[in-house]
Structure formats: C-alpha cells, structure tokens
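Undergrad: Structure in structure tokens, see below.
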Amino acid sequence: MNYYEHHIGDYDEATSHLTACEDGIYNRLIRKYYSTEKPLPNDIPALQRLVRARTREEKSAVIAILEEFFSLEEDGWHQKRCDEDLEKFLANEPERELKKANEDNRLKRHREERARLFKSLTDAGLHAPWNIGMGELRQMVAGISATQPETAPETDLPPLPATAPATPATATQTPDARHQTPDIKPEDRTDVGGPPPARAENRIRPSDLSSAMRRHSIEAQPGDPRIIAAAESGISVETIEAACAEAKASDPKGRIKPGFVIAIAQRWTADASRPTPRARASPNPAPSYHDERKETIAQLTGRKPAHRPTQHPDGVIDVDADDTPRRLGP
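Just so you know, the sequence shown maps onto residues 871 to 1200 in the numbering used here.
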C-alpha cells in the first residue's frame, strides 16, 4: 500500500495518553505494517531495528506499543485496523489491475497517435516542438490535409502476365515531372479569352507560408485561419519572406506575430494592384500639327518674323500649297 486513511480525531482519542516518543514509535510501526502488507515479525530486537529504536527509552516504547495496540498471533503481531484496511485493499486488487491495464492501453494509443502525427508533419516538411499539445498537433496535421489535393481512389491492378511484355511496364503511381513536350489543351490557350486557369501544383499552400515564417523564427501554423486566407488570396512565399524581413527590421528584439507579417504582405499586394496615376501634362507642351501649320503660313506671308521652323522628326515641313496665299507684285 502506498497510502492509508488517517482519521485524526480517532487517533488522538486513542493515543492522547502516549508520550512523544511512544507516539512516534506507534506511527513507525503502523507505516511498516502497511508498507509490508503483513503482520509485524515476532522478533522484538529485529522489530526495534526496523523502526530505528536506539535508546533504552525508544526500545521500551516499542514493547509498550506492541502490548497495548497489537496482538501476538502465530504469524506475528496483528493490528485490527490495519488488517481491515489490508483486506479491503486486496479485495479491490483485480479492479485496480484492470484500471491499470486500461490506463496502459490508453497511454499506448496516445503515444502511437502522437508518433503518427509527427510523422505526417515530417513527411510534409514541417516540424513541431517535442512538447506540443495534442490539440495543437492535431490542428497542424488537419491543416496539411486540408491543403493537399484529393487523389483518385486506388483500384486493383490487373495481374502481371506470365512472360514479360515487349515494352516494359512502368509505374503509374506518381506522374513524371519532366515535361519534354508541353501538352497544350484547348482550355490552356491564352489567345481565346484570357489566361489559363491556375493549376493545382501552382497554388500556394498554407504550409508553404507557415514554413517561410518559421524560417525567420516566427511561430506560425498552417491551420491558422489568417494563413489559410493569405494562401487562398494568392500571396506568394517570396512576398511572405520579404514581409518577415520587413517585420524583423521594424522590431528586431520583439516577438513577431504571424498576423503582423500577413498585414504587411496584404498591404504590399493592395499597393501593387492599384492603377498607376496618369502622368501630368508638361507645362510647355509640344506644338500640334495645326500650330506648326499656322506658324509656317505666317512666316511665308511675312506676317511674323522668320525663325528656324519647327520640323517633324523626319525633317519635312508639311505645308499645303493650295492653302498658302500668293504674294502680290514682282
């Protein structure tokens, strides 16, 4: 037994006449009785040694306590209250064993699940602290599962032929990423109505953004709703990397939050999407074709002092002969 009930009122009533030495010896004898779960040995010198009785007073106290509170039987010194508690304890032993077995089984399942979740994170290229809680760990793995594309269900493969085929069979479980000749599909053409739809492999995953933040020592999880929303809005990993550097520069010693980084990235994205303001008109605009024409006519008719004419880039003065007034006189 690791513990026993100690009723203070009953104990004080039964031991109020004992000296301090006798009270201490009595408690030591009781603790030895419960720890061994059997009667005390019928060997006074050995029993005195067990309870560390060294002086004459302590040894005499051992004998006095045994005679008053214990009864000597064939197998040793018995104490009524201790025997009753031990009987109840042993009667409940099967129930405790079953409870312990259930607890061991639960702990085993807990460890197996934890190992499986950590493996899922490792396979996805993510990492988590060793002492992370199960709730947060499950949320991280759920975030990975939510961002992975669905795959077609597995089907039974046909049996292999007895002899090898002329062309060796190749595995079809994973696609070949080396594209020698692009497979152009009608929906991929950009000359008939806009850019092609985004492919699944080009989509930004929340795990990509959270990994980029963790590379800058910013605690981030792919299951964070803000990170999921940022990935769905198309914020790139490069933008998050630059936003992390900007956040670190603004507060080098502070603890940067993922929301601060996402706010910077969203602000940059919004600024980039705004239309470029139109250039302001020059205070001295270039003369128009009609202005140049009027000036040329004025110079030819003598109405305006001649000066170097304004020419077009090709160096040709464009004047209509029919519209030029004829000079009178010789």
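Virtual Cβ for every residue (Gly too), placed ideally from N, Cα, C.
1. So what does DSSP say about residue 907, is it helix, strand or coil?
2. What's the C-alpha gap between residue 977 and residue 971?
3. Report all residues from its chain with a CB closer than 6 Å to the CB of residue 1064; omit the five preceding and five following residues, and keep chain order.
4. Under 8 Å by Cβ, that's how I've got residue 959 and residue 949 pegged, so tell me the actual separation to the nearest angstrom.
5. Taking contact to mean 3 or more Cβ pairs, one atom from each stretch, closer than 8 Å, check whether the segment 904-915 and the segment 928-945 are in contact.
6. Under the DSSP definition of a beta bridge, which residues are partnered with residue 948?
7. Hey, how far is the Cα of residue 1013 from the Cα of residue 1123?
8. Jot down the residue ranges of each uninterrupted alpha helix (DSSP H) in the segment 1089-1123, minimum 4 residues, whole runs only, in chain order.
9. Whose C-beta lies closer than 7 Å to the C-beta of residue 1090 among residues of the same chain, with five residues either side of it excluded?
10. Using only CA atoms, which one of 889, 954, 1119 lies nearest to residue 930?
11. Among 1100, 935, 907, 878, whose alpha-carbon lies nearest the alpha-carbon of residue 891?
12. Please classify residue 1051: is it buried, with 16 or more other beta-carbons within 10 angstroms of its beta-carbon, or exposed?
13. Are the CB atoms of residue 1116 and residue 1134 nearer to each other than 7 Å?
14. Tell me the DSSP secondary structure of residue 897 in three-state form.
15. Using the rule of at least 16 other Cβ atoms within 10 Å of the residue's Cβ for burial, across every protein chain shown, is residue 1076 buried or exposed?
16. Given this structure, state the Cα-to-Cα distance separating residue 925 from residue 893, to the nearest angstrom.
17. Measuring alpha carbon to alpha carbon, tell me which of 1011, 875, 997 ends up nearest residue 954.
18. With DSSP run on the structure shown, which of helix, strand or coil describes residue 987?
TA: For this structure:
1. coil
2. 10 Å
3. Confidence in residue 1064 is poor, its pLDDT being 49 and thus under 50, which makes the residue's placement too unreliable to answer from.
4. Their Cβ separation, rounded to whole angstroms, is 14 Å, which puts residue 959 and residue 949 out of contact at 8 Å.
5. yes
6. 941
7. 30 Å
8. 1095-1102, 1107-1120
9. 1080, 1083, 1084, 1097, 1128
10. 889
11. 935
12. The predicted model places residue 1051 with a pLDDT of 48, which falls under 50 and marks its position as unreliable; any figure quoted below should be read in that light. Exposed.
13. yes
14. helix
15. buried
16. 15 Å
17. 875
18. helix
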